[in-house]
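Q: Under numbering that gives the first Met the number 0, the first residue of the sequence shown is numbered 0, with each subsequent residue one higher.
By construction, the Cβ of each residue, glycine as well, lies at the ideal position given by its N, Cα and C atoms.
Quick one: the structure is below, questions incoming.
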Amino acid sequence: MTWVLALFAAAFLAAMVYEWVQKPKREQAAREARERRASEVARRGWTLDVTTAHNSTIYVYSGTTGGVAWRCEMSSWTSRGRSSQQKVFTRWSTDAGSLPEGVFVIWPSFGAGDGKQIDASMPQFLLDLLLTPLIRALGADANTASLITNATPVASEDPAYLLRATDPDAMQRFLDRGAREALRDAAPWLPQRASEHHLVIAVAGRQGLAILLRGWVDDVDLIERVALVGSRLARAAS
């Protein structure tokens, strides 16, 4: 029994020593990663603000692409008693391309038909339950939920997307002014389920344009690609 305890103590001590040796290496690697990121952000003429408060961390990239000022926000939090971070959607947004009324909604189709049907006869509390997380992730105002609910399907020439709008004719003008080409060019990567950070939803409305991506997008090259698509859509909506 004594040798078992001695073996356990030796293993525990070895683990502590290993952790002590590896910690500076991890910290050095993290510093180098932050420096590389700061260099990449500066090279593109962007800024990056990182805010940590209590158990949450918020990353906000901001820049201008094609004359359109934008921000890309990621946030994470750690639940009490747990060490792993839970990550939420990444939101790219701009005040440009705001609509005086109504919304344009763009979903990925994932090879299906227009399955994004929302039953307008559904009780309001169920609609709120369904849409509240999405609206919160979009950073949209309360009116947006009702507008998304009442948006009707619009024919799409690209099977990668499902389009809906409160004014289908206005949506067609939006497509004709350059949105169609922007979506087509992004179709090979933005709305693909196989992509780690695929499109969740894009909404143009009173507050401007917002694009939600799955998970924590902390790749500056991908953010730049999203900014290019978003700036083209915002100009088309203006």
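Please state the DSSP three-state secondary structure of Ser-237.
A: coil
Q: What are the residues that DSSP puts in a beta bridge with Ile-200?
A: Note: Ile-200 sits in a beta bridge opposite Leu-211.
Q: Ignore the nearest five residues each way along the sequence and tell me which others in Leu-198's own chain have a CB closer than 6 Å to its CB.
A: The residues are Pro-107, Leu-189 and Pro-190.
Q: Give the straight-line distance between the Cα atoms of Leu-174 and Thr-51, rounded to the nearest whole angstrom.
A: Computed Cα separation, rounded: 40 Å.
Q: Looking only at its own chain, which residues have a Cβ that is under 8 Å from the Cβ of Gln-123, when we skip the five neighbours before and after it?
A: With a pLDDT of 49 at Gln-123, under the threshold of 50, the modelled position of this residue cannot be trusted; read the value that follows with caution. Closer than 8 Å at the Cβ level, and outside the excluded window around Gln-123, lies no residue.
Q: Sorted by chain position, which residues of the same chain lie with C-beta nearer than 7 Å to Met-170's C-beta, five sequence neighbours on each side aside?
A: Phe-103, Val-153, Leu-162 and Ala-164
Q: Taking the alpha-carbon positions, what's the Ile-200 to Leu-133 distance?
A: Rounded to the nearest angstrom, the two C-alpha atoms are 9 Å apart.
Q: Taking the alpha helix (DSSP H) that Thr-56 belongs to, which residues open and close that run?
A: Careful: Thr-56 lies outside any alpha helix (DSSP H), inside the beta strand (DSSP E) at 55-64.
Q: Can the beta-carbon of Leu-227 be found closer than 7 Å to that of Thr-93?
A: no
Q: Going by DSSP, which residues form a beta bridge with Pro-107?
A: Tyr-160
Q: Answer yes or no: do Arg-231 and Ala-181 have a C-beta to C-beta separation smaller than 7 Å?
A: yes
Q: According to DSSP, Arg-70 sits in a beta bridge with which residue or residues?
A: Paired residue(s): Ser-61 and Ser-92.
Q: With DSSP as the reference, please indicate the residues paired to Val-87 in a beta bridge.
A: Paired residue(s): none; Val-87 is not in a bridge.
Q: Determine the DSSP secondary structure at Val-228, reduced to helix, strand or coil.
A: helix
Q: Is Leu-182 helix, strand or coil when you go by DSSP?
A: DSSP places Leu-182 in helix when its eight states are reduced to three.
Q: Drop a sphere of 10 angstroms on the beta-carbon of Gly-110, count the other beta-carbons inside from all chains shown, and report buried for 16 or more, exposed for fewer.
A: Its Cβ having fewer than 16 others within 10 Å, Gly-110 is exposed.
Q: On the DSSP letters alone, give me the boundaries of the alpha helix (DSSP H) that Thr-148 sits inside.
A: 141-149
Q: Quick check: what's the CA-CA separation for Arg-90 versus Asp-218?
A: 13 Å
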